[in-house]
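Have a look at the structure below, then the notes.
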Amino acid sequence: MTALLTLHAVTGAIAILFGRRLGRRAVYVAGLGPLVTFAWLIAEFGTILDREPITESVRWVPRLGLDFDLRADGFGALMLLLVAGIGVLVFVYSNAYFPPNKEGLGRLIGLVGLFAGSMVGLVLADNLLILYGFWELTTITSFLLIGNDHTDARARAAALQALLVTGAGGLAMLAGLLIVGHEAETFSLSGLIADPPAPSTALTVGLALVLVGAFSKSAQWPFHGWLPGAMVAPTPVSAYLHSATMVKAGVYLIARLAPAFAGPVGWWRPAVVTIGLTTMVVGGLRALRQTDLKLLLAFGTVSQLGMMVAVFGLGTADAVAAGSVLLLGHAAFKAAAFMVVGALDHAHGTRDLRRLPRPERGQRPVALIGAIAAASMAGVPFALGFVAKEYDLEALQHSPWAPGLVTAAAVVGSALTAAYSLRFFWGSIGRMATESPDPAVAARRSPPGLVVPGLVLTAATFVAGVVPDVLDRLVSASAASLRPTVGSVHLDVFHGFNLTLVLSLVALGGGALIFALRRPLEPVLALGGELPVTAATGYAAALRALNRTADRVTGVVQNGSLPIYLGVIVLTAAIVPGTLLLSGAWNDGDGAIVDSWSQAAIAALILGAAAAATALHRRFTAALFLGVVGYAMAGLFVVRGAPDLAVTQVGIETLTTVLFVLVLRRLPDRFEQRTAAPMRVLRIGVAVVVGLTVFGLALATGAEDPATTVSDTFIERAYPDGHGRNVVNVILVDFRGFDTLGEITVLAAAAIGAVALARAGRRPGGVRDSAAPPPVPLDRITVLEVSTKVVFIALSTAAIYLLLAGHNQPGGGFAGGIVAGAAVALRYISGGIESVRRLSRSKPWTPLGVGLITAAGAAIVPLLFGGSVLESGVHTLDVPVLGEVKLTSALAFDTGVFLVVIGLAMMVFESFGDDPPARSRDTAGGTR
Amino acid sequence: MSVASLLAAADTVPAPDVEWSALSPFLVVVVGACLLLPIAGLLPRRTRVAWSALFTIAVALGAIGASAWVWHDLSRVGPTERTTVAGAYAVDKFSLFLIVVICVGVILATLLTEGYLRREDLPGAEAYLLYLASASGAIIMVTAADLIVLFIGLEVLSIAAYVLAGLHRRRLRSGEAALKYFVLGGFSSAFFLYGVALIYGATGTTNLVGIAEYLATHRLLDEGLLLAGIGLLIVGFAFKVGGVPFHVWTPDVYQGSPSPVVAFMASVVKAAAFAGMLRVVVVALSTHRLDWQPILYAIAVLSMIVGAVLAVVQSDVKRMLAYSSINHAGFMLAAVSTGADEGIAAVLFYLAAYTVLIGGTFGIVTLFGRRGDGHHDIDDYRGLARREPFLALALTIFLLAQAGTPLTAGFLAKFYVIQAVVDAGSWWLGLVAMLAATISAFLYLRIVLTMYAGVTDADVEVAEPTAEPVRRIHVPLGAKVAIAAALVLTIAIGVVPDPLTHASRTARPELVAPGD
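Chains A and B are the protein sequences, given in the same order.
Numbered per our numbering, the first sequence spans residues -18 to 909.
Numbered per our numbering, the second sequence spans residues 3 to 518.
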C-alpha cells in the first residue's frame, strides 16, 4: 500500500515537472497510479471481502505514536474502488477532453494524479493524524486544481474560498482529532472505533470540531458555498474531485465515527441528521434554479451529500449498509452525469440548458448516458439509484431519533432530487432551449474517449440496478467493517409493497409534479435559495468583519508612536506585578520612612523640583530643576550620614548640569507642542500608576531582609584587609576592584563613543545640522574670567586632596575626578573650548588612556610580586608638610580612576563644547 | 586591558572551579568575536565583507561542533548535566540544543547579510561582530543558572541587537527602529532587573537551584514579593519574545530593521528569551505554576489572536511577518504555559523549526526588497512567480510551512504545541491555537496568492510596458546557500522529524546544585 502511495507521488511529480513537454500525454504517466491501484484492489478483493483487513505499518515518529498505519478493510475497499476506478475513467476521459497542448495541462493532470494518491492515503489511513495529513493534501490539490487557470480572477477567488473553508474546517478537525485522540488515548482509527471513549465535555468539543471539518469538506449547509464555486475547474476535475471522491471524505469520516458515537453521544444524531437533511433540501432547491448544467449538478451533489451524511450519521446497522449502496450509486451516476456535461460542452461550447440544442444522431450515446444517469439520480426503478434510495428510506424510517420527521424530510429531498434530475435530463437533450439554437453553437462529434467512460459507469449503474446481488459481498464487507455486528447484507430490487416503496413512488411523483409545475412554483423555489444567511454572504461577511476589526485595532494601537508603545508596555508591566504585590501583606517592614523633619523638607524640595521639571515648557529651566533634584538628593545623603555619596553626587550633578546646557544649546528652546488635554490626563494617569508601582516595589524590596548580608563583613574587614577607613572607597578599589576596572573601561569606551557620535552628527551638510538652530555663542566677562582662575586652582587642589585622602576619609578617585571635571567646566564657561584646550598640551584622550593603563597596571603589578590581582600593599611615608602619608597600592588604582574621569569630562567638552564654526554663525546673523 | 591578562589572572585568584571544556561553545563564540575585529581591520576593504562572513560562519560552525562534542560527552559520561563557575552556568543538553539553534540562526543571518551589505553598499565586519556578540549573550542566557548571569546575557544580547536594528545607517526607518527598540528594551530590562531584585528579596538567592530549593522547602507567609518578582521577570521575557501586550515594538522594528537582521532577531533573540523563560519560570519556579500559569495563558492567547488578526490587514510584507512572529510567539508561549516536559520539548522543536523557516523567509524577503530594502509592499510582490519562479516557490514553501502545512517543519512544530497543550488538559487553549492558526493561514495565503496572481490582471498589463524593465533579482551566493539550506531543512524536518524530536525531548533543562 505504501508502494501505491509512492507510485502516485512519483508519477504525479513527473507529470508536473515534465508537464510542458508531455502535454496531454501526461495522462499516461499520472494515470498509472489509479490503474495500478485498481489492479491491486481487484487482486486483493477476495481477501478484503472475506473481512480480512490488510494492514501495513511504517514507523515514522514512534515517540509520538505517529506511525504510518494503513489499513484496507471493507469500507476502505469500497472507497478505494471509487477513487481508483473512477480515477482511471477520468484519466481516459481527460485524454479526449483536453486539447493536446493546452497551457499548463501537464501540471493539471499531474495534480489530479497527486490528488488520487492523497485520496487513496485518506481512505487507507488508520492513524487519525495520518488521515488528517492526507485530508489536507486533498484540500491543497483541490485548491490548486480549481485555481489552475491563474489568469482567471473568478477561478482564483473560487479556489481561495474552497481552500479557506475546507482548510479552516481541516484545522478545526485537527484540533478535534487531537482532543478525541487524547480522550481515547490512541490515535489509531480502528482502535478508536473499537473502544470509544466515554462521553465527556472534552469529547463533545472534540467531536463537534471533527464534524465541522467533515461538514466543510463535504459541503454541508452552511459551509456548502465553496462547492458550486469550484465548478470553474475543468469538467474532469469536477467529475472526479467535486462529485465522486474528495467531497466524500467528510462522509467517509462520519461513516467511520457514527457507529461508535451515534449511540453514546446523545446530540450526535439530532445534529448530524439535521444538518444532512437540511443540506439535502437546500441543495435540491438551489439545483432547481440553475441554468448551467454543471452548477445544477454541483447543487445536486450538495443535496446528495446531505443525504449521505444523514444516513451514515444514524450509525445503525441498516444505515451503514444503505449508505454504502448510496455511495456507490451516487459516484456512478454523478460522475457519468458530469461526463455528459463535459461532452456536451465539448460538442456545443456551452453548458447552458437554455442554449443546448437537441442531440443529433452522433450525440445519441451521450444522451443515453445522460438519461440513465438522470434516472439513477431520480431513483427510477432498475437503476442503482433506486436501490440505494429504497435502503436509505428504510434506514431512516428506523432512525432511533425522530423517525417520522427525518423520513418526511428525506422524501421531500428525494422529490426535489427527482425534479432536478428531470431538469438535468430535459436540459441535456435540448428540451428546455428557450431560443432557437445559436448558429455559433456548432455541434462537434463526441470522440469515443468522452463516451466510453460514461458508458462504463452507466452500464454499472444499470446492471447493479437490475441485479443488485452483485454488490452483496462488497456492501456486506463494507457494512461489517463499519459496524462489526452487521451480518451479511442481501440487496434486492423489490421488497414487496411496503411503506418504503410507497414513499419512493411519492418522491418520484412529487418530483415530476414539481418539475411540471416549475413555472407556477417559481416564487416558492426562490425562497429556498435565498435563506437569510447563505454560505456565500456569510463567507464574505466574515472576511470583511475580520478585515475591518483588524484594521481599526491596528490604527489605534500601532500608530508608530513611541509614547503609546511605552505606555502600553509600562502600564501592563506595572499593573500585573503591582496587583500581585498588593496580594501579599508587603508593608510590614520597619514603619519609619521619615526620620527627621529635615528629610521631609528635602523630600518636598525634590518633589517640587521634579514636578516643576515636568511642567515647564523651557528645556533649559527643566534641566536646571533636574539639577535641583540631584542636589537635594545629595542633601538626603548627608542627612543619612553618607558624606562620601553626597560629595560624589554634588560633583556629578554639577558636571551633568553643565553638560546638559551644552547639549541644550543645540536644541530648540522649548519643548514641542503640548498634547491635547484628554491625552495629557491619560499620560498623567499612566505615570501615576507606574510611579506608585515602582514606589511599592522599592518599599517591598527594602522591607525584606536578605538572608545574608555582606555589608557587615565589608565594614569589619575594611581596615585590616584594605588599609582604609573609608569603606566605600575600599570597596571600590579593593573588594570590588575588578568591577571598578570594568566600569572605567566602559566609561572610557562610552567617552570615545560619545565623541564619535558627536563628530558624526556634525558632518558638513548633514541633515541634523541644518535642522537644528545654530548654537548660541557664549559671551566673555572679565570679572568672571579672573575669579574662575582663582576658583579653578582651589577646585583642582580640592580634587587632588579628595583623591589622596579618599582611602580614609570621604572622597576617592571618582569623586576627585568629578570635582576636577567641574573645574574644567568652570574653565570652559569662562573661556570657551580654547581655554580648556590650553589646560594641557595633551589631547583629552591622553588622560583617558593613561588612567586606564594606570588602573590596569595597579591591578596587575601585584602579580609580579607573587600576589594576586589587585592585592593591596601599603607603605608609610613621612612627608614634611602633610605629615604621615600612607601610600597604598590602591592609590595608584584610584589615580587611574581619577584620570579616566577627567579625561571623560575633557572629551565631552571637546566634542560638544566647541563653539559653532564661523559658517553657521554667519548664517545665523543673516537670518537675524 | 586585554582578555588574555584577565584569563591569566583568573588562574591566580581563588577562582571558582571552571570547567573550560563544558564552556567551549561559548568560548568559541566569544574568542571568535574578539578575533573578528582585528582580522576584519587587517583585511582590504574590498574583500572585508566576504571574508568576515566566512570567518563568522566558521566560528558558528565551531561552536556547533563544540556543542556536539559536549553533548556527546554528556551522553557518555553519565550525568546529563553539569554546572560550572560556581553554579552560575548549567551546561546541559537543553542549553546545548539551543546553542546549536542560535548558531544556525547566526549562520543563516550571516549568509544573508553578506549579500545585503554588498547590495546596500554598507561597510563590513560590524554586522558580523554584532551577530557574534549578540549570540554570545544569547548563549549566556540559555546557559545561565543564576538570575544575575541571565541578566548579563540579556543585556549583551539586547544591546548588540539594538545596534543591529540601526545597521542601515542611511535609512531613516532603520534608525527609528533602533531607537524604539532601544528605549522600550531598556524599560523591559529594568523591569526584569526589578523582578530579580524582588525574587532575591523573597528567597535570599539569585541562583536558580537555590531558588527552587528554597521554595520547595519553605512556605512563604507572604508571597506578594515573590509573585510580583515572577510577574516582572515574565514581563522582561515577554518583551523579548514579542508577546502581546509587550509586542508593540515588533512591527515597527521588523519593518525598519535590515531584513537579514530581522531573521536574526526573530530566531536568536526569541530562542534565548524562551530559554530563559523555560529555565527560570517553568523549571526553577515550578512550585508556583498555578500563579504564573494564568499570566502566560493570557499572553499566549492574546499573542496568538492579535498576531494573527492584525497580520491579515497589513499591507507591508515585513509588517505582516512581524505580526506573524507575534503569532508564533503565542504558540510557543502556549506550550510554555503547560509547564510540562512535553511543552518544553514542543518549544524547543518550535524554536529549531522556526529558526530555519524564518531564515529562509527573510532570506527571500531580503532579495525581494531589492536595493534600498524598500520594496516590501504587498503590491510589489504581485506577479513575482512569473519573474522569479524559484524564489517564489521557495517563499511559498516557507510560508506554507509557517502556516503549518503537513510534511513541513512548521506542521510538527504547531502539532507538538497543540498536543502538549491538550495533554496538559487545557484543550480550550488548543482550540484558540487552532483558531489563530486558521486566521494566520489566510495571511500566508495572501502573500502566496499575490505572488502567483496578477500577472495578467489588466492593471499590470497596462503598467508593464510603461514601467522600466524590471531586472531579474540578483541572488548572491550566500543567500543561495542560506535559502537552499533552509529549504532542505524545512522539508527534511517535516518528513523525517524523528532526530529533531528525539533531541528536543532529551534536552530537558536541569537544575543541579553546584557541588555535583
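Where a beta carbon is used, it is the ideal one built from N, C-alpha and C, also for glycine.
- Taking 7 Å as the cut-off between beta carbons, the residues of the region 303 to 333 of chain B near chain A are 311, 312, 314 and 315, in sequence order.
- When Cβ-Cβ separations below 8 Å define contact, residue 693 of chain A makes no contact with chain B.
- Annotation: Cβ neighbours of residue 117 of chain A in chain B (cutoff 8 Å, chain order): 407 and 408.
- Around the beta carbon of residue 774 of chain A, fewer than 16 other beta carbons sit within 10 angstroms, so the residue counts as exposed.
- A contact between stretches requires three or more CB pairs, one per stretch, nearer than 8 Å, and the region 211 to 230 of chain A fails this requirement with the region 178 to 187 of chain A.
- Nothing from the region 83 to 116 of chain B brings a Cβ to less than 7 Å from some Cβ of chain A.
- Contact between residue 642 of chain A and residue 612 of chain A is ruled out by a C-beta separation of about 15 Å, above the 8 Å threshold.
- In the structure shown, residue 73 of chain B adopts helical secondary structure according to DSSP, grouped into three states.
- At a cut-off of 8 Å, the C-beta of residue 237 of chain B has a neighbouring C-beta in chain A.
- Excluding its 5 nearest sequence neighbours in each direction, residue 418 of chain B has C-beta neighbours in its own chain below 6 Å: 348 and 351, listed in chain order.
- With 16 or more other CB atoms across the displayed protein chains lying within 10 angstroms of its CB, residue 312 of chain A is buried.
- At a cut-off of 8 Å between beta-carbon atoms, residue 530 of chain A makes contact with chain B.
- Scanning the region 40 to 66 of chain A from its first residue to its last, the whole alpha helix (DSSP H) runs of 4-plus residues come out as 55 to 61.
- Residue 549 of chain A reaches chain B at 247 and 250, counting residues in chain order whose Cβ is nearer than 7 Å.
- With contacts defined as CB atoms closer than 8 Å, residue 881 of chain A and residue 833 of chain A qualify as a contacting pair.
- A distance below 8 Å separates the beta carbons of residue 559 of chain A and residue 674 of chain A.
- Residues of the region 177 to 203 of chain B with a C-beta less than 9 Å from any C-beta of chain A: 178, 181, 182, 185, 186, 189, 190, 193, 196, 197, 199, 200, 202 and 203, listed in chain order.
- Interface criterion met: the Cβ of residue 160 of chain A is under 8 Å from a Cβ in chain B.
- At least one beta carbon of chain B lies nearer than 8 Å to the beta carbon of residue 546 of chain A.
- Taking residue 421 of chain B as the centre and dropping the five residues before and after it, the same chain places the C-beta of 344 and 348 closer than 8 Å to its C-beta, in chain order.
- In the three-state scheme derived from DSSP, where H, G and I count as helix and E and B as strand, residue 178 of chain B is classed as helix.
- Interface criterion not met: the Cβ of residue -13 of chain A is under 8 Å from no Cβ in chain B.
- Chain B places a beta carbon closer than 8 Å to that of residue 543 of chain A, counting this residue as a contact.
- Excluding sequence positions up to five before and after residue 354 of chain A, its CB lies within less than 6 Å of the CB of 314, 317 and 318, all in the same chain and listed in chain order.
- In this structure, the CA atom of residue 883 of chain A is about 9 Å from the CA atom of residue 825 of chain A.
- Burial of residue 390 of chain B is indicated by the presence of at least 16 other C-beta atoms within 10 angstroms of its C-beta.
- Annotation: residue 46 of chain B to residue 886 of chain A spans about 36 Å, alpha carbon to alpha carbon.
- Taking a Cβ-Cβ threshold of 8 Å, the residues of chain A close to residue 420 of chain B are 155, 156 and 159, in chain order.
- Residue state for residue 199 of chain A is assigned as coil, using DSSP reduced to three classes.
- Taking 4 residues as the minimum length, the region 285 to 322 of chain A contains no alpha helix (DSSP H) run wholly inside it.
- A check of alpha carbon separations from residue 165 of chain B across B:320, B:179, B:480 and B:409 identifies B:179 as the nearest.
- Under the DSSP assignment, residue 130 of chain A falls outside any alpha helix (DSSP H); it carries neither an H nor an E label.
- Taking 7 Å as the Cβ-Cβ cut-off, the region 270 to 304 of chain B approaches chain A at 297, given in chain order.
- For residue 788 of chain A, the closest Cβ of chain B is not nearer than 8 Å.
- Annotation: the continuous beta strand (DSSP E) that includes residue 92 of chain B extends over 91 to 94.
- Not one beta carbon of chain B lies nearer than 8 Å to the beta carbon of residue 714 of chain A.
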